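In UniProt numbering, the protein residues as written are 1 to 137. Don't be surprised by glycine CBs; every beta carbon is placed ideally from N, CA and C. On a predicted model such as this, the values are computed, not experimentally measured, just so you know. Inspection log for the structure reproduced underneath, given as structure tokens.
Structure follows, in structure tokens:
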């Protein structure tokens, strides 16, 4: 005999909540991100700190470091169960960050052509000074 079982209920015990807003990368946009996040956390009845402080710091970084004309930053808050995820991203998805590399060390020839105080120039100046003292030009 085959028994039919009821389909599992399509209800989540912990609904996924999210909030997302795009803001200009200015000090005013950073302040607005903090204020909007605070109000959203209140509406979800979640503790404000340290989330509010994290949003303030991340938004200030976005306002300071992502100043590209026409590009904003996005604040996104997700709540799944008892976990809050905070994302602050610039909307520049086509460019990935590059690690800073130290500039290459110039060769002696490059150093002498680009700097007045390179070791080669110093040696040639000493030689000229000796030549003048000894009477040779």
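Across the structure, residue 65 and residue 48 are spaced so that their CA atoms are roughly 26 Å apart. Residue environment: residue 80 is assigned as exposed (fewer than 16 neighbouring CB atoms within 10 Å of its CB, all protein chains considered). Here DSSP, grouped into helix, strand and coil, assigns residue 87 to strand. Residue 17 and residue 101 have their C-alpha atoms roughly 40 Å apart.
Of the residues assessed, residue 34 falls on the buried side of the cut-off, its CB having 16 or more other CB atoms within 10 angstroms. Ranked by Cα distance from residue 24, the first of 45, 70, 56 is 70. Closest option to residue 59, judged by alpha-carbon separation, among 43, 46, 76, 44: 76. Rounded to whole angstroms, the Cβ separation of residue 37 and residue 62 is 13 Å, and the two are not in contact under 8 Å.
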